[in-house]
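Residue 227 in the UniProt record's numbering sits at position 227 of the sequence shown; the count goes up by one each step and never skips.
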Amino acid sequence: MASHCSMRALLLRFSNGLSSRSILNSTNHRLLTKTNSFSSLSSISPHTTTSHFTAPRHQSDDQNCRKLQLRKISISTPLCMGRRSSKIAGRKGAQDSKKAKLYCRIGKEVVSAVKKGGPNPVSNTTLATILDKAKELDVPKDIVERNIKRASEKGQEAFIEKIYEVYGYGGVSMVVEVLTDKINRSVAAIRSVVKDYGGKMADSGSVMFKFRRVRVVNIKVTEADKDQLLMIAIDAGAEDVIEPPIYEDDTDEDREERYYKIVTSSENYSTILSKLRDEGVNFEPDNGSELLPLTTVEVDDEAMELNKELMQKLLELDDVDAVYIDQK
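Right, dumping it as structure tokens:
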């Protein structure tokens with residue numbers, strides 16, 4: 001039994017990338033961890049993977065063997081994260097950020113509606129509309145309730161929607177959507193980011209004409225194929241289904257993170273969501289309204305990365321709810 005347990009430990013160690021010399025040297029003893037072993041983790045080489053096993057001294061061999069399997073801890077450093085892994089991690093962060101922005105915007109819309117018409121959706125039709133939208137987009141109920149309560153707090157002002165227009169790199173235009181209770185704070189923060197990251201504030205109206213506002217439902221390409229979405233869109237009276245762009249250097253992971261866009265009118269928006277749910281197709285929880293560029297601008301790789309950085313920094317501002325760009 002002890003020999004069998006040792007062989008399991010060796011196989012586990014071998015699967016974690018230890019050298020054959022380490023395996024041979026470990027056949028005559030077991031690795032035991034101490035309570036202070038975690039204090040030395042920061043000294044592990046970026047290229048090293050270490051496994052620790054905990055095996056109490058006064059247990060049977062069979063129990064020890066199970067402990068060796070259950071308490072195996074693999075330690076590795078993210079310093080050597082490859083480009084592909086980094087991109088995937090970045091996508092996850094972007095998705096979480098997008099969802100947080102949605103929840104924040106719905107919360108601010110609730111506050112503004114309650115400020116203007118009170119907390120009763122029966123008499124406050126604006127609030128009722130926002131509550132319906134929150135339900136459609138699967139916004140947690142506690143977020144809505146918390147912001148209804150927040151609206152009655154002393155000193156809480158109503159939120160005002162503002163749009164700022166920006167020139168990026170390579171002739172690209174951006175539209176920044178803001179919902180804020182302090183306009184001076186918002187515009188100062190946006191101007192600072194635009195200046196620091198090489199953009200330029202544009203005059204009102206000089207960029208907006210390049211976009212059109214539509215109701216949009218975003219569906220990840222892995223959730224449905226184009227033919228299925230076309231059938232749903234036709235049945236629900238949608239205007240269009242926009243395919244995601246494809247680039248020559250795309251990896252499989254890149255393609256899987258792209259989205260179809262079902263473009264529809266406000267009247268058919270709820271119908272689209274209902275049909276998607278009926279067909280078991282997951283859609284992206286977003287605001288349901290987007291600015292789509294009438295035409296797109298193609299830029300080089302450097303300008304693309306610089307515009308991406310500028311957009312990310314703008315989206316990090318609390319008052320900014322969305323940034324739209326006409327970059328191809």
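C-beta atoms are modelled at their ideal positions from N, C-alpha and C, and glycine is treated no differently.
Quiz prompt | Check whether L179 and F159 have beta carbons under 8 Å apart | solution = For L179 and F159, yes; Cβs fall inside 8 Å.
Practice problem: Go to N184, then tell me how far its alpha helix (DSSP H) extends in each direction, as first and last residue. | Solution: First-last of the alpha helix (DSSP H) with N184: 183 to 196.
Quiz item: How should I234 be labelled, buried or exposed, when 16 other C-beta atoms within 10 angstroms of its C-beta is the threshold for buried?
Solution: It counts as exposed.
Quiz item: Between D326 and V297, which are expected to be in contact by the criterion C-beta below 8 Å, what is the C-beta distance as a whole number of angstroms?
Solution: Between V297 and D326 the Cβ distance is about 5 Å, and since that is below 8 Å, they are a contact.
Exercise. Following the continuous alpha helix (DSSP H) through D250, name the residue where it begins and the one where it ends.
Key: Premise fails: D250 is in no alpha helix (DSSP H) and is neither H nor E.
Quiz item: What's the gap between the Cα of H260 and the Cα of E223?
Solution: According to the sequence as given, residue 260 is Tyr; it is not His. The alpha-carbon separation between Y260 and E223 amounts to approximately 10 Å.
Exercise. Output the distance between the C-alpha atoms of I106 and K182, rounded to the nearest integer angstrom.
Key: So the two alpha carbons sit approximately 17 Å from each other.
Exercise. Using 10 angstroms around the beta-carbon of Y247, count the other beta-carbons present and answer buried if the total reaches 16, otherwise exposed.
Key: Classification for Y247: exposed.
Quiz item: Just checking, does the region 215 to 222 make contact with the region 183 to 200 on the three C-beta pairs under 8 Å criterion?
Solution: Cβ pair count under 8 Å is below three, so no.
Quiz item: DSSP puts M304 in a beta bridge; with which residues?
Solution: Paired residues: none, contrary to the question.
Quiz item: Can you tell me where the beta strand (DSSP E) with E177 in it begins and where it stops?
Solution: The continuous beta strand (DSSP E) containing E177 extends over residues 173 to 180.
Self-check item: L276 vs I242 beta-carbon contact at 8 Å
Solution: No, the pair does not count as a contact, with Cβ atoms beyond the cut-off.
Quiz item: Is it a yes or a no for the region 261 to 276 touching the region 303 to 321, going by three-plus beta-carbon pairs under 8 Å?
Solution: They do not touch, by the three-pair rule.
Quiz item: Between which two residues does the beta strand (DSSP E) containing N165 stretch?
Solution: Here the sequence assigns Glu to residue 165, which means Asn is not the residue at that position. Boundaries of the beta strand (DSSP E) around E165: 160 to 167.
Quiz item: Alpha carbon to alpha carbon, what distance is there between D319 and S186?
Solution: A straight-line Cα-Cα distance of about 6 Å links S186 and D319.
Quiz item: For E257, which of S266, P244, V172, T264 has the nearest alpha-carbon?
Solution: Ranked by Cα distance from E257, the options S266, P244, V172, T264 are led by P244.
Practice problem: Identify the continuous beta strand (DSSP E) that holds S289 and give its terminal residues. | Solution: Taken as a continuous stretch (DSSP letters only), the beta strand (DSSP E) holding S289 covers 289 to 293.
Practice problem: Please work out which residues of its chain come closer than 8 Å, Cβ to Cβ, to V172, disregarding the five sequence neighbours upstream and downstream, and give them in chain order. | Solution: Exclusion of the five residues before and after V172 leaves V297, V299, A303, N307, I325, D326, Q327 as the residues of its chain whose Cβ lies within less than 8 Å of its Cβ.
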